[in-house]
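Engineer:
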Amino acid sequence: MRDLDLTTLRLFVSVCETGNIARAGERASIVGSAISKRLAQLEDQLGTPLLVRKRHGVVPTSAGHTLLEHARAMLDSAARIEHDMQNYAGGARGQVRILASVSAMTESLADDVAAFLRQPAHRDIQVDIEERVSPEIVRGVREGLASLGVCWDAAELGALQSQPYRNDHLCIVVPPGHPLEGRKSLRFEQTLDYEHVSLPVNSAVQVMLQRQAARLGRPLRHRVVVSNFEAALRVVRAGLAISLVPREVTELQTAAYGLRTIPLAEPWAQRRFIICFRDAGSLSPAAQLLVEHLATPQPSSP
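In our numbering, the protein residues as written are 447 to 748.
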């Protein structure tokens with residue numbers, strides 16, 4: 447198959463998003479007949495229909511939906527290449543992209559990267575960080591979408607290499623007046639009588655909690671599902687549910703809102719984070735410097 451043309455893929459995505467070849471042409475300042483010709487050539491190249499012509503526009507076929515997903519990924523990668531090369535053209539001598547878990551982002555990673563970039567020797571290095579759940583972090587690093595990943599060491603790394611990063615401590619946060627408020631510590635099983643605030647189902651923490659509940663033969667009841675710990679603490683503050691959150695995240699908000707933090711008496715409550723990468727020897731000099739910085743114990747953030 448001949449190489450796919452990015453301009454044609456961009457027009458295909460626009461047609462799918464607008465549902466109309468004429469409107470896609472207006473977006474791109476191209477006449478609709480030119481777009482139709484390109485799309486016909488693309489269908490001929492791929493050997494399958496991509497669009498179904500309807501009365502008032504077009505919709506993608508099953509093959510078209512699959513191509514749309516791939517096309518968006520390819521265009522995103524092309525945009526990243528352009529962005530990275532612009533940084534080099536502007537004088538940047540290093541570019542590092544990190545995929546990181548919500549825990550790492552919320553607790554320490556942003557501060558640690560900022561401290562790295564403040565050093566004069568690193569002033570020409572550009573670091574981009576994107577939040578993902580652990581399975582996506584591992585897959586993204588394996589597929590080359592990022593140089594580095596920062597996640598919980600319970601993630602299935604496969605052939606990826608890693609360096610230790612930091613630790614945190616899971617605890618239970620309850621609102622004032624909750625029946626568990628007076629406890630000095632809690633076993634996970636004791637929390638299962640109450641509704642929880644949960645993170646997305648494919649996050650490392652949520653997968654682990656579901657497994658622990660299954661081992662106990664108990665359901666983990668979710669009342670609210672949120673995407674980050676700050677939102678979880680807001681739900682607890684409202685008295686809707688309790689939440690399992692890293693102690694390092696709760697310190698400021700629990701003091702401000704009168705929430706009660708109770709240590710979790712489980713061997714898995716202390717988590718270890720890692721920096722993962724495909725191969726240490728193939729990391730760019732900038733990425734190697736950043737890994738060395740992150741793997742060196744840093745003072746705790748205030």
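Using N, Cα and C, we set each Cβ at its ideal position, and we do this for glycine too.
Inspect the beta-carbon positions of GLU767 and VAL461 and report whether they are closer than 8 Å.
Structural biologist: It is not possible to answer for residue 767, since the shown part of the chain is limited to 447 through 748.
Engineer: Rounded to whole angstroms, what is the Cα-Cα separation between ILE721 and GLY510?
Structural biologist: Between ILE721 and GLY510, the C-alpha separation is close to 37 Å.
Engineer: With PRO506 as the anchor, note down where its alpha helix (DSSP H) starts and where it stops.
Structural biologist: Segment 503-506 is the beta strand (DSSP E) holding PRO506; no alpha helix (DSSP H) there.
Engineer: Does GLN541 pass the burial test, meaning 16 or more other C-beta atoms within 10 Å, or should it be called exposed?
Structural biologist: Buried, because 16 or more other Cβ atoms sit within 10 Å of the Cβ of GLN541.
Engineer: Tell whether a beta-carbon distance below 8 Å holds between VAL619 and LEU485.
Structural biologist: Not in contact: VAL619 and LEU485 (Cβ atoms no closer than 8 Å).
Engineer: Tell me whether VAL647 is buried or exposed, calling it buried when 16 or more other Cβ atoms sit within 10 Å of its Cβ.
Structural biologist: Label assigned to VAL647: exposed.
Engineer: For the alpha helix (DSSP H) holding LYS483, just list the boundary residues, first then last.
Structural biologist: 478-492 is the extent of the alpha helix (DSSP H) around LYS483.
Engineer: Are there three or more Cβ pairs, one per stretch, closer than 8 Å when the region 718-738 is compared with the region 645-664?
Structural biologist: Cβ pair count under 8 Å is below three, so no.
Engineer: Just curious, the beta strand (DSSP E) that GLY595 is in, first and last residue?
Structural biologist: It spans 594-598 - the beta strand (DSSP E) in which GLY595 sits, taken as one unbroken run.
Engineer: Count the other CB atoms within 10 Å of the CB of ASP558; is the residue buried (16 or more) or exposed (fewer)?
Structural biologist: Label assigned to ASP558: buried.
Engineer: Which class does GLU676 belong to by DSSP, given the choice of helix, strand or coil?
Structural biologist: Reduced to three states, the DSSP call for GLU676 is helix.
Engineer: Output the distance between the C-alpha atoms of HIS516 and TRP714, rounded to the nearest integer angstrom.
Structural biologist: Distance between the alpha carbons of HIS516 and TRP714: 38 Å.
Engineer: Quick one: give me the first and last residue of the beta strand (DSSP E) that GLN572 is part of.
Structural biologist: Residues 571-577.
Engineer: Could you check the C-alpha separation between GLN491 and ALA684 for me, to the nearest Å?
Structural biologist: The straight-line gap from Cα to Cα measures roughly 57 Å.
Engineer: With contact counted as at least three CB pairs below 8 Å, one residue from each stretch, are the region 726-745 and the region 592-604 in contact?
Structural biologist: Segments in contact, yes.
Engineer: Look at the alpha carbon of GLY586 and the alpha carbon of THR507, and state the distance between them as a whole number of angstroms.
Structural biologist: C-alpha separation (whole angstroms): 28 Å.
Engineer: If the criterion is Cβ atoms closer than 8 Å, does the pair PHE675 and ALA550 meet it?
Structural biologist: Not a contact, by the Cβ cut-off of 8 Å.
Engineer: CA-CA distance, LEU513 and VAL671?
Structural biologist: If you take the alpha carbons of LEU513 and VAL671, they lie about 31 Å apart.
Engineer: Would you tell me roughly how many angstroms separate the C-alpha atoms of GLN636 and PRO709, rounded to the nearest one?
Structural biologist: Each residue's Cα considered, the two are about 12 Å apart.
Engineer: Who does GLY540 pair with in a DSSP beta bridge?
Structural biologist: Paired residue(s): ILE571.
Engineer: Please tell me whether ARG664 and LEU638 are closer than 8 Å, where the distance is taken between their beta carbons.
Structural biologist: Their beta carbons are under 8 Å apart, which means ARG664 touches LEU638 by this criterion.
Engineer: Pick out whichever of GLU589, VAL548 and ALA605 has its Cα sitting closest to the Cα of ARG578.
Structural biologist: Minimum Cα distance to ARG578 is reached at VAL548.
Engineer: Could you tell me the distance, in whole angstroms, from the CA atom of ARG518 to the CA atom of LEU496?
Structural biologist: Answer to the nearest angstrom: the Cα atoms are 15 Å apart.
Engineer: Can you tell me whether PRO743 is buried or exposed? The criterion is at least 16 other CB atoms within 10 Å of its CB, across all chains shown.
Structural biologist: Label assigned to PRO743: exposed.
Engineer: Pick out whichever of ALA711, TYR640 and ARG693 has its Cα sitting closest to the Cα of HIS624.
Structural biologist: Nearest C-alpha to HIS624: TYR640.
Engineer: Return the first residue and the last residue of the beta strand (DSSP E) that SER689 is part of.
Structural biologist: 688-692 is the span of the beta strand (DSSP E), which, as asked, contains SER689.
Engineer: Ends of the beta strand (DSSP E) at LEU655?
Structural biologist: That residue, LEU655, is in no beta strand (DSSP E); its alpha helix (DSSP H) goes 650-662.
Engineer: Kindly indicate the opening and closing residues of the beta strand (DSSP E) around VAL671.
Structural biologist: Element bounds for VAL671: 668-671.
Engineer: By Cβ distance below 7 Å, which residues in the same chain neighbour LEU606 in space, the five residues on each side in sequence not counted?
Structural biologist: Result list for LEU606: VAL584, VAL587, ARG588, CYS722, PHE723 and ARG724, in chain order.
Engineer: Assuming LEU545 and GLU576 make a contact with CB atoms under 8 Å, what is their CB distance in whole Å?
Structural biologist: Contact flag correct, Cβ pair sits at about 6 Å.
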